[in-house]
Every structure is written in C-alpha cells, then in structure tokens.
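Chains as they are written, first to last, in this note's numbering: chain E, 28 to 360; chain L, 28 to 360.
Virtual Cβ for every residue (Gly too), placed ideally from N, Cα, C.
Keep in mind it's a predicted model, so treat the numbers as computed, not measured.
There are 2 protein chains.
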Amino acid sequence: MPKTLKDVAIRAGVSRSAVSRTFTDGASVSDKMRRRVQKAAAELGYSPNALASSLTTGRTKLIGLVSNNFHNPIFLEVFDRFTRALQEKDLRPLLVNLTDETDPASSVRMLRQYSVDGVVVASSTLPPGFSKAFRDAGMPVVHAFGRPTSSPEVHVVGIDNIESGRMAARTLIARGYGDIGFLGGPETATSTQDRLHGFLAELANCPDIRVRHSFAEAYSFEAGRREMLRLLADDPAQAYFGGDDVLSIGALSAIGECNLTVPGDIGIIGLNDMEMAAWQNINLTTIRQPIRHIVASSIELMAEMLKDPDRLPESRIFACEIVERGTLRPLKV
Amino acid sequence: MPKTLKDVAIRAGVSRSAVSRTFTDGASVSDKMRRRVQKAAAELGYSPNALASSLTTGRTKLIGLVSNNFHNPIFLEVFDRFTRALQEKDLRPLLVNLTDETDPASSVRMLRQYSVDGVVVASSTLPPGFSKAFRDAGMPVVHAFGRPTSSPEVHVVGIDNIESGRMAARTLIARGYGDIGFLGGPETATSTQDRLHGFLAELANCPDIRVRHSFAEAYSFEAGRREMLRLLADDPAQAYFGGDDVLSIGALSAIGECNLTVPGDIGIIGLNDMEMAAWQNINLTTIRQPIRHIVASSIELMAEMLKDPDRLPESRIFACEIVERGTLRPLKV
DNA sequence: AAAATAATTGCAACCGGTTGCAAAAGACTT
DNA sequence: AAGTCTTTTGCAACCGGTTGCAATTATTTT
Chain E
28 MPKTLKDVAI RAGVSRSAVS RTFTDGASVS DKMRRRVQKA AAELGYSPNA
78 LASSLTTGRT KLIGLVSNNF HNPIFLEVFD RFTRALQEKD LRPLLVNLTD
128 ETDPASSVRM LRQYSVDGVV VASSTLPPGF SKAFRDAGMP VVHAFGRPTS
178 SPEVHVVGID NIESGRMAAR TLIARGYGDI GFLGGPETAT STQDRLHGFL
228 AELANCPDIR VRHSFAEAYS FEAGRREMLR LLADDPAQAY FGGDDVLSIG
278 ALSAIGECNL TVPGDIGIIG LNDMEMAAWQ NINLTTIRQP IRHIVASSIE
328 LMAEMLKDPD RLPESRIFAC EIVERGTLRP LKV
Chain L
28 MPKTLKDVAI RAGVSRSAVS RTFTDGASVS DKMRRRVQKA AAELGYSPNA
78 LASSLTTGRT KLIGLVSNNF HNPIFLEVFD RFTRALQEKD LRPLLVNLTD
128 ETDPASSVRM LRQYSVDGVV VASSTLPPGF SKAFRDAGMP VVHAFGRPTS
178 SPEVHVVGID NIESGRMAAR TLIARGYGDI GFLGGPETAT STQDRLHGFL
228 AELANCPDIR VRHSFAEAYS FEAGRREMLR LLADDPAQAY FGGDDVLSIG
278 ALSAIGECNL TVPGDIGIIG LNDMEMAAWQ NINLTTIRQP IRHIVASSIE
328 LMAEMLKDPD RLPESRIFAC EIVERGTLRP LKV
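(1) Return the chain-ordered ranges of every alpha helix (DSSP H) run that is complete within the segment 73-126 of chain E and spans a minimum of 4 residues.
(2) How would you list, in chain order, the residues of chain L whose beta-carbon sits under 9 angstroms from the beta-carbon of E/Asn-299?
(3) Return the bridge partner residues of L/Asp-206 from the DSSP annotation.
(4) Is L/Phe-97 close to chain E, meaning its C-beta is less than 8 angstroms from at least one C-beta of that chain?
(5) Looking at the structure shown, is L/Glu-249 part of a helix, part of a strand, or coil, going by DSSP?
(6) Exposed or buried, which one is E/Met-332 when buried takes at least 16 other CB atoms within 10 Å?
(7) In its own chain, which residues sit with a C-beta less than 8 angstroms from the C-beta of L/Asn-99, not counting the 5 before and 5 after it?
(8) Return the first residue and the last residue of the beta strand (DSSP E) that L/Arg-343 is part of.
(9) Could you please tell me which residues of the segment 111-141 of chain E, in chain order, have their CB closer than 7 angstroms to any CB of chain L?
(10) Determine whether the Cβ of L/Pro-29 lies closer than 8 angstroms to any Cβ atom of chain E.
(11) Apart from the five residues just before and just after E/Cys-233, which ones in its own chain have a Cβ nearer than 7 angstroms to its Cβ?
(12) Just list the alpha helix (DSSP H) runs in the segment 145-231 of chain L, keeping only unbroken ones of 4 residues or longer that don't cross its boundaries, in chain order.
(13) Listed in chain order, which residues of the segment 265-287 of chain E have Cβ atoms closer than 7 angstroms to some Cβ of chain L?
(14) Between which two residues does the alpha helix (DSSP H) holding E/Val-289 run?
(15) Give me the subset of the segment 241-264 of chain L whose CB atoms are less than 8 angstroms from a CB atom of chain E, sorted by chain position.
(16) Given E/Thr-49, which residues of its chain have a CB within under 6 angstroms of its CB, disregarding the five upstream and five downstream residues?
(17) Which of the three DSSP states, helix, strand or coil, is assigned to L/Arg-315?
(18) Using the Cα positions of E/Ser-94 and E/Arg-174, report the straight-line distance between them to the nearest angstrom.
(19) Can the beta-carbon of L/Gly-211 be found closer than 8 angstroms to that of L/Arg-222?
(20) Alpha carbon to alpha carbon, what distance is there between L/Ile-321 and L/Met-9?
(21) Compute the beta-carbon to beta-carbon distance between L/Ser-191 and L/Gly-225, rounded to the nearest angstrom, for a pair I have assumed lies under 8 angstroms.
(22) Got a sec? Which residues, its chain only, sit under 7 angstroms from E/Asp-187 by beta carbon, not counting five neighbours each side?
(23) Measuring straight from C-alpha to C-alpha, what distance separates E/Asp-337 and E/Pro-179?
(24) May I ask you to report which of helix, strand or coil DSSP gives L/Ala-68?
(25) If you reduce the DSSP assignment to three classes, tell me which class E/Val-322 lands in.
(26) What residues of chain E sit near L/Thr-87, judged by a beta carbon separation below 8 angstroms?
(27) Taking the C-alpha atoms as reference points, what is the distance between E/Ser-342 and E/Ser-177?
(28) Should E/Gly-40 go down as buried or exposed, given a rule of 16 or more other Cβ atoms within 10 Å for buried?
(29) Name, going along the chain, the residues of the segment 301-320 of chain L whose beta-carbon falls closer than 7 angstroms to a beta-carbon of chain E.
(30) Measuring only the C-alpha atoms, how far is L/Ser-44 from E/Ser-218?
(31) Does DSSP put L/Val-46 in a helix, in a strand, or in coil?
(32) Would you please state the rounded distance, in angstroms, between the beta carbons of E/Pro-131 and E/Ile-90? I believe it to be under 8 angstroms.
(33) Going by DSSP in three states, E/Gly-283 sits in which element: helix, strand or coil?
(34) Any beta carbon of chain E sitting closer than 8 angstroms to that of L/Asp-107?
(35) Closer than 7 angstroms by C-beta to E/Ala-278: which residues in its own chain qualify, once you throw out the five before and the five after it? Chain order, please.
(36) Does the beta carbon of E/Leu-103 come closer than 8 angstroms to any beta carbon on chain L?
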C-alpha cells in the first residue's frame, strides 16, 4: 500500500536515483528536478522508508533506551527528557524495560537485531558490567546515572555519589545532629555504595557523632517505609540520609504513622529533587541531582559518538546542590 | 563489523537461503542442515538483521507507543506494563513523546517511515481525531484510555468515564454531602467531559444537593493545587470529585496549606488508584481504573490486529471500583 | 564559438535478508 | 532396481532504498 521510490520515479518520469537524491540532503540535484520530484511525491503521499535506507547507510537513527527503573517516579521525568532530547536530534527511542527476568545477553541481541545506532542505559542500580556488554557488541553506549570513574570503560554521565554522600553528611552535621543514619537504597547499587562511602568518610572526622547505616531493598516508597518502620521500632537516629527521594518519602510516611513529627522528632534528607519533593504536602529537603543536565549531556555525548565511534570513553560529572525545605531542623546559628 | 547471512553461508558451506531458512521458523530445513548452520552462526556470533528481513516480510515487530502524558506519575506504571506486555509478545516499543509542539502529521509520518506494525495511543486527553490519523495512514491502531463509543472508528480500550462520573456522584451522595463539586481535569479532554456528564446526570436526581464544577488546566499536582486554592478562597463545596489522583493530591495539598483537614472540612475522591494513592501519608479514596487489564487488553487487541488488519474497530470497556481510603467522611449508617 | 570545467543525471551494483520455483536428494513402492 | 512421491536445497529475483561511476548537460573560460 505505501508508495515507494519507484512509484514516485515513474510518476515524475525520472530515475529512482533522482528521487532518492531529493530526499537525502547533501546530494546533487538541480532545483528543477527537486521540485518535480517533490510534486510527484506529494501527490502520491510518499515518504521514504527509513529502514530500507538504513540498509545501505548503516544508520537507523534508532537509539536503545534501556532502563530497569520503571517504579521510581523520577524516571518518568527522565524518560520525558530523554525522549524529547532524542526527538529533537531526529533520533528515535526504542525502549527496553529490563525486568528481573531479562538477561543482559538477550537485550544485547535484541538491540543488535534492530541495528540501533547507540544505546543509552539509564539506571543507577545496574552493575557496571551491564553497559559494557553493549559496548562489547560494538554499539556506542552512554550510561546515564552510572558510576563515573577516572578510567571509564564506557561513557558515563552522572553525579559524584561519593561527594553527594559527603554533602549529606556535612548538611546533617551543620544542623547539629549528634546521631545520624544512612538509610540507603539497595546495597548492590553502585550509587548506594558510593553515597555510603562518602557519607562515612565525612563523618569519620566527627568522632562524637554516632553513625549507623542500613539498606532498603529498592529505591521505592514501600522499601523506604518498611525499613524506617523497622528502625523506628528500636532506637532510631535523630536524622537520616535517605537513599533517594521516593525512598525518603516512604520513610516520612513511616514516621508519620508512628505519630512522630518531622523535623521535630526525626530529620530526613533525600536525594534527587524529583517534582514530588517540592509538593507542599511533602516538602522534602533534598540534594538535587541535575537531571536535565545529565540527560542533555548524555544525548549530546551520544550524538558525538555517532559522529566518531572511536571516541575514548569519558566520565561527565555534575555537581549537586542542597535544596532546603522542611524535613531538617533549621541550621544552627 | 556485524556478520551477515552470507558470512554464515560461506562458513557453513551452504547457500544463503539455507541460512535464512534455519532462522525463520516454519521453513523447510533438514535437521542436519540446521545444526550445521547454527554451528557456523554461533562461531561467528551472527544474529539476523530484523530490519533487513522486514523489507521482504513487511513486518518490523515495531509498535509505536504514543503518549502525551509524561507528567502524570500513573503513566510510569502504564509504560511499565505496556513495554513488558509488548516484549512478551516479541514486539518492540518505539516511544513517541507528544509534546505541545509536535503536530499529529509529523508523528504519523515518523511512524510510517519506520514502518511500525501498529500504534498504541495511550492517553485520556488526546482528541479522538488523533488516533484516526494513524488509522487513515493505514496502521493498526489501539487507543488505550480513550473514549469508548458504540461505533468506534478505531479500537478503543478504557473505562466508561460517564459511568465513573456517576459512581463518584453516588459515592458522595451516599456519604451525605449536600454541597458537591467536580474539580475536573482539562476541559478539552474527553475523559473530563464524560466524567462531568455522568456526574451531573446522577446528581440531577437530587435537587436538594448543591452542585458546581470547574476545571484544572491539566491532570497534574500543580494544576489541582492551584484550582483548589482558588476554590478555597471563596465558599468551597463540602466534597470534590477530583479529575484524577495526581490532581486530587494537589488539591489535598492546597487544603492542607489552608489549614483545613480532610475529610473533616473537605472530602476528596480521586480516580485511577495509582500506587501513590495508597501511600499512607496520602491515603486517597479513589475510583480504581483497572490499568493492568486495560493495558493487557490493548496489547491483546493489537496482536489480533496484526493477524487480521481488517478487524472491525471495537470498544472494550472495563469496570471501575471504589477504593475506600481516608479522604471521604465515612458512610452514613 | 570551441574548449575546458563543473553540475546533474541515470545505470547498475549493492545493502541483508526472503521466497517461488525447479532441480537434487531421500524415502517408499512394487 | 526402477519408478513414484516427498522433502530439501540452491538459484535468482525481489524488498526499498543508496551510491560510485560514467555519460550527459549546463556553465565558464578564453
């Protein structure tokens, strides 16, 4: 049913190459020819088949967007930004939802079958080896929200989680808390590990502050809530650094359920600054992760890779900042 | 770099057709041949190019997943379900984020260029004509969360919004509210219109109940909050049917900001029953939209269309149910 | 106005697969 | 062992485009 190059060529009474050329920019076509072809194409309602052309050009403009974070509301923002950024660059997101069952090899195979031009992995919980699998299969990869290192094996864009852990610790120290907890996300996530590491390192200078840490099973409301309930049942700390915002909101809920107040009885600081954190009935003090910059930079990097696939892997690190709201006691003066 | 059919053929010492046949099921190949080819393929790390094959078979297994709801957290659940359901059926979601700027024609063109096998439109706010544009371009379409009608022009899967409006009204009546408001989503959305219609129809039987209605600009926290603040500033009703859950949560926030209590001073009932509605610190009474069934049914329908593209358009309507939580006063006994 | 140069066009091969058809190979009869 | 019926295999054309190359046409130069 859909019209082809040939149909247009016949209608315009020219060669197929001529038609092809009017639809590929940079090709040599006279204005007269172009107009003639465009007229015929318009009459037929022709639009070129991107997949067929990919066969010869070797480019599909398809980008695999791979994530396992379909339960953290912040990722709706992330997907929104990624899809828009890709669309603006005339690229198309082929979405891959990594469930617990999917094995890495099969998603690699799948994306290869569709000859995606590149892969964006968006996750702070996937093991680092994961994105390497794509690279090893010869695809340009950018790991957004990954763990930046000084000698990265794939491109990584994200924040310095160690530093953000320190930042959280400093914030809590400055507010005079003497008994502080780290309520982390899943223990296996690099983001959790790094944040804890920085957190403890900063507090190592403060021998008079009591510090403990534990982990929730996921970056989720329910996991945060459950872990906080557990903590509350037995001698909780005065303030916690929650693994991320949604987890912290779960913790807030737990605190409320126990009829304790925030920040009166317990303080919380989250991480991400998702839209919800600013909701007036949540009003979470948090560390802002500059999502828009991370996404924009990831896509920019991807665009660079498409031009030069041999570009050396690089880490791009963005700074975080404290967003002061209502879940920590005020700064001591 | 990636290996081709030909490479495998040479390595196995057979014809290209033979290789092709071992990778298409239902083709005639002897076991001996199949094993031989598979061995060669494995040695080379070959995997067939889905796009090239789509050229001759006319099927890409690509499904356009089109939405404009990238700001409503419920859609993360929706995307999660859709992507998984598609993956299970060996279909790939090509995500299209409809922003205010994108015109329908361009997304139609885009999806045609990628020869998607079908299009799933997931939105309760898009005008009905939108999905028709895809159908007119010859693609199988399912509009999930659309407006079901008795003579649909495309397949529609969703709830009966008129009935859900009635259900909300009945619920509020049963609780003895004498002054009731409809705090709708965007006025142009079919879902808003239908819900209001049902709501008013049901209340038409109760002349002694005062009824008013107004609209928020979007199904969003901020829009709900703003509209509720406006309403609170001047003689608010006793209870409201909020356009959807996020919007209702925004309204709850506004109520809290004015130091009023829920359900003491004002009652709220939402619609959707998104995960967040069950969060203990929100605890929103709402009408559950059976998302999982809507999604599953949409994909099922899409699969049917792929088999029989001439299938007549049908509406599939799912029932909603009240989820009783803490934002309405208890039922009178 | 002829020669030299540049821009445009069509031919034909190719991208990586699939598939109808006829030839070749196997399996079964008798 | 020859003859018949199936199954398997390869050939070659095709899917809808792109592109190097040579031929053609237009433009400039002298």
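Quick answer:
(1) Uninterrupted alpha helix (DSSP H) stretches at least 4 residues long and entirely within the segment 73-126 of chain E occur at 77-84, 101-115, given in chain order.
(2) Per Cβ cutoff of 9 angstroms: no residues; E/Asn-299 is ~14 angstroms from chain L at best.
(3) Residue pairing from DSSP places L/Asp-206 in a beta bridge opposite L/Arg-237.
(4) Yes - at least one Cβ of chain E is within 8 angstroms of the one on L/Phe-97.
(5) Helix, per DSSP.
(6) Counting the other Cβ atoms within 10 Å of the Cβ of E/Met-332 gives 16 or more, which makes it buried.
(7) Sequence-distant Cβ neighbours of L/Asn-99 in its own chain, meaning closer than 8 angstroms and more than five residues away, are Tyr-246, Ser-247, Asp-271, Val-273.
(8) Following the DSSP letters along the chain, one finds L/Arg-343 inside the beta strand (DSSP E) bounded by residues 342-345.
(9) Hits within the stretch, in order: Arg-111, Gln-114, Arg-119, Pro-120, Leu-121, Leu-122, Asn-124, Thr-126, Arg-136, Arg-139, Gln-140, Tyr-141.
(10) At a cut-off of 8 angstroms between beta-carbon atoms, L/Pro-29 makes contact with chain E.
(11) Closer than 7 angstroms at the Cβ level, and outside the excluded window around E/Cys-233, lie Ile-200.
(12) Listed in chain order, they are 155-163, 188-201, 217-230.
(13) If the cut-off is 7 angstroms between Cβ atoms, the segment 265-287 of chain E has Leu-279, Ser-280, Gly-283, Glu-284 near chain L.
(14) Segment: none, E/Val-289 is in no alpha helix (DSSP H) and carries neither H nor E.
(15) Identification of residues in the segment 241-264 of chain L having a C-beta nearer than 8 angstroms to some C-beta of chain E yields Phe-248, Arg-252, given in sequence order.
(16) These residues qualify, in order along the chain: Val-56, Arg-61, Val-64.
(17) In the structure shown, L/Arg-315 sits in a strand (DSSP, three-state: E or B).
(18) One alpha carbon belongs to E/Ser-94, the other to E/Arg-174, and they sit about 15 angstroms apart.
(19) For L/Gly-211 and L/Arg-222, yes; Cβs fall inside 8 angstroms.
(20) This structure leaves residue 9 of chain L out entirely; chain L is present only between 28 and 360.
(21) So it is a contact: roughly 7 angstroms between Cβ atoms.
(22) Contacts found: Pro-175, Ile-344.
(23) For E/Asp-337 and E/Pro-179, the distance between alpha carbons rounds to 14 angstroms.
(24) Note: L/Ala-68 maps to helix in three-state DSSP.
(25) DSSP, reduced to helix, strand and coil, places E/Val-322 within a helical segment of the structure shown.
(26) In chain order: Leu-78.
(27) So the alpha carbons of these two residues sit roughly 7 angstroms apart.
(28) Exposed: under 16 other Cβ atoms inside 10 Å.
(29) Residues of the segment 301-320 of chain L with a C-beta less than 7 angstroms from any C-beta of chain E: Trp-306, Gln-307, Asn-308, listed in chain order.
(30) Spanning the two alpha carbons is a distance of roughly 49 angstroms.
(31) In the structure shown, the three-state DSSP call for L/Val-46 is helix.
(32) Incorrect: roughly 18 angstroms between the Cβ atoms, too far for contact.
(33) Taken through DSSP and simplified to helix, strand or coil, E/Gly-283 comes out as helix.
(34) Taking 8 angstroms as the CB threshold, L/Asp-107 lines the interface with chain E.
(35) Contacts found: Leu-210, Gly-251, Arg-252, Met-255, Tyr-267, Gly-269, Ile-295.
(36) Taking Cβ atoms only, chain L reaches closer than 8 angstroms to E/Leu-103, which makes this a yes.
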